[in-house]
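Visitor: Shown below is the structure under consideration.
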Amino acid sequence: QQKVQQSPESLIVPEGGMASLNCTSSDRNVDYFWWYRQHSGKSPKMLMSIFSNGEKEEGRFTVHLNKASLHTSLHIRDSQPSDSALYLCAAWAGNTGKLIFGLGTTLQVQP
Amino acid sequence: DAGVTQTPRHEVAEKGQTIILKCEPVSGHNDLFWYRQTKIQGLELLSYFRSKSLMEDGGAFKDRFKAEMLNSSFSTLKIQPTEPKDSAVYLCASSLLGGRLGEQYFGPGTRLTVL
Numbered sequence: 013q014q015k016v017q018q019s020p021e022s023l024i025v026p027e028g029g030m031a032s033l034n035c036t037s038s039d040r041n042v043d044y045f046w047w048y049r050q051h052s053g054k055s056p057k058m059l060m061s062i063f064s065n066g067e068k069e070e071g072r073f074t075v076h077l078n079k080a081s082l083h084t085s086l087h088i089r090d091s092q093p094s095d096s097a098l099y100l101c102a103a104w105a106g107n108t109g110k111l112i113f114g115l116g117t118t119l120q121v122q123p
Numbered sequence: 470d471a472g473v474t475q476t477p478r479h480e481v482a483e484k485g486q487t488i489i490l491k492c493e494p495v496s497g498h499n500d501l502f503w504y505r506q507t508k509i510q511g512l513e514l515l516s517y518f519r520s521k522s523l524m525e526d527g528g529a530f531k532d533r534f535k536a537e538m539l540n541s542s543f544s545t546l547k548i549q550p551t552e553p554k555d556s557a558v559y560l561c562a563s564s565l566l567g568g569r570l571g572e573q574y575f576g577p578g579t580r581l582t583v584l
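Written as structure tokens, this is what we have:
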């Protein structure tokens, strides 16, 4: 079973709409969550990280974290076709020094 | 600054062949990771080096996969012998010790097809 679970598997939103992606870890040693974005045919690139309870906003992107439930979510407002990509959630555990990635959510923004 | 470079970008191998993939991390980075990416399994960690020392050898991938860090700026991943199920994209990533935890820079990847 994946230690990092993402939902939904795929998501279609209209241009200008809000996209909401979810991620949960089953590893109680997780310290940090990362969101990476991977456009088709490209390599993953860092988007945002969060390690404190609450939310963090960067432009159109907002990340929430609930450390008690080890649940994080990524929200993209005013979605653009260029946001169409695979969004990977990754959990970093200090005791291992490595990232565990989820399978990702494929987001498609329709013009 | 140059990012992570990987060569070759594409590789086609016959079953049973030996192939070697190459990676140059971002200059000054201490940690280097090799991943395999498929649609079914997602990103799987194959090997992890810290300052050239092997920290993780990927468990299930040990028997036919061998990663080496020849110096701080060059790493190889050898697959021997290759099998059709090894067809995937192989990604190399690096990060800076003391940088943001979990912040990894990925190379463009090598797409391997095993016939």
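Those protein sequences? They're chains A and G, same order as listed. Under the working numbering, think of the first position of the first sequence as 13, with each following residue one higher. Under the working numbering, think of the first position of the second sequence as 470, with each following residue one higher. All C-beta atoms in this analysis are idealised placements derived from N, C-alpha and C, irrespective of residue type, glycine included.
In whole angstroms, what is the alpha-carbon distance linking Pro553 (chain G) and His51 (chain A)?
Guide: As a first step, residue 553 (chain G) is located in the second sequence; it is residue number 84 there, counting from the start. As a first step, residue 51 (chain A) is located in the first sequence; it is residue number 39 there, counting from the start. Approximately 26 Å, taken between the alpha carbons.
Visitor: Closer than 7 Å, Cβ to Cβ, to anything on chain A: give me those residues from the segment 555–579 of chain G, in chain order.
Guide: Those residues of the segment 555–579 of chain G that come within reach of chain A (Cβ to Cβ, closer than 7 Å) are Leu560, Arg569, Leu570, Gly571, Glu572, Gln573, Phe575, Gly576, Pro577 and Gly578.
Visitor: List, in chain order, every chain G residue whose beta-carbon is nearer than 9 Å to that of Ala102 (chain A).
Guide: Along the first sequence, read from residue 1 onward, the residue named residue 102 (chain A) stands at position 90. Within chain G, the residues near Ala102 (chain A) are Leu512, Gly571 and Gln573.
Visitor: Could you check whether the segment 55–72 of chain A touches the segment 20–38 of chain A, counting it as contact only if at least three pairs of C-beta atoms, one from each stretch, sit closer than 8 Å?
Guide: The segment 55–72 of chain A vs the segment 20–38 of chain A: no contact.
Visitor: Does Val586 (chain G) pass the burial test, meaning 16 or more other C-beta atoms within 10 Å, or should it be called exposed?
Guide: In the structure as shown, chain G starts at 470 and stops at 584, and residue 586 (chain G) therefore has no counterpart that could be examined.
Visitor: Just the Cα atoms here: how many angstroms apart are Thr507 (chain G) and Asp555 (chain G)?
Guide: Your numbering for residue 507 (chain G) matches position 38 in the second sequence. Your numbering for residue 555 (chain G) matches position 86 in the second sequence. C-alpha separation (whole angstroms): 10 Å.
Visitor: Run through DSSP, which three-state label would Phe530 (chain G) get?
Guide: Indexing the second sequence from 1 puts residue 530 (chain G) at position 61. Helix, per DSSP.
Visitor: Is the segment 504–518 of chain G in contact with the segment 106–117 of chain A, if contact means three or more CB pairs nearer than 8 Å?
Guide: Yes, the segment 504–518 of chain G is in contact with the segment 106–117 of chain A.
Visitor: On the CB-based measure, 16 or more other CB atoms within 10 Å of its CB, does Arg505 (chain G) come out buried or exposed?
Guide: To locate residue 505 (chain G), count along the second sequence from 1; it is residue 36. Answer is buried; the Cβ neighbour count reaches 16.
Visitor: Looking at C-beta atoms only, is the number of pairs between the segment 522–530 of chain G and the segment 84–104 of chain A that lie closer than 8 Å three or more?
Guide: No: fewer than three Cβ pairs fall under 8 Å.
Visitor: Shorter than 8 Å from the beta carbon of Phe73 (chain A) to some beta carbon of chain G?
Guide: Numbered from 1 along the first sequence, position 61 holds the residue referred to as residue 73 (chain A). No, no contact with chain G.
Visitor: Counting along the chain, where does the beta strand (DSSP E) carrying Val75 (chain A) start and finish?
Guide: Translated into positions along the first sequence, residue 75 (chain A) becomes position 63. Unbroken beta strand (DSSP E) run through Val75 (chain A): Phe73 to Asn78.
Visitor: Label Phe543 (chain G) either buried or exposed according to how many other C-beta atoms from any shown protein chain fall within 10 Å of its C-beta, with 16 as the threshold for buried.
Guide: Numbered from 1 along the second sequence, position 74 holds the residue referred to as residue 543 (chain G). Exposed, since its Cβ has fewer than 16 Cβ neighbours within 10 Å.
Visitor: Return the CA-CA distance between Gln486 (chain G) and Thr551 (chain G), expressed in angstroms with no decimal places.
Guide: Taking the second sequence and counting its residues from 1, one reaches residue 486 (chain G) at position 17. Taking the second sequence and counting its residues from 1, one reaches residue 551 (chain G) at position 82. Going from the Cα of Gln486 (chain G) to the Cα of Thr551 (chain G) covers about 5 Å.
Visitor: List, in chain order, every chain G residue whose beta-carbon is nearer than 7 Å to that of Tyr44 (chain A).
Guide: The residue labelled residue 44 (chain A) in the question sits at position 32 within the first sequence. Within 7 Å Cβ-Cβ: Leu570 and Gly571.
Visitor: If you compare alpha carbons, which of G:Gly576, G:Tyr559 and G:Phe534 is closest to Val495 (chain G)?
Guide: As a position in the second sequence, residue 495 (chain G) is number 26, starting the count at 1. When only C-alpha atoms are compared, the closest one is G:Gly576.
Visitor: Distance cutoff 8 Å, beta carbons only. Does Met538 (chain G) sit that close to anything in chain A?
Guide: For this step, residue 538 (chain G) is matched to residue 69 along the second sequence. No, Met538 (chain G) lies away from the interface with chain A (no Cβ there is under 8 Å from its Cβ).
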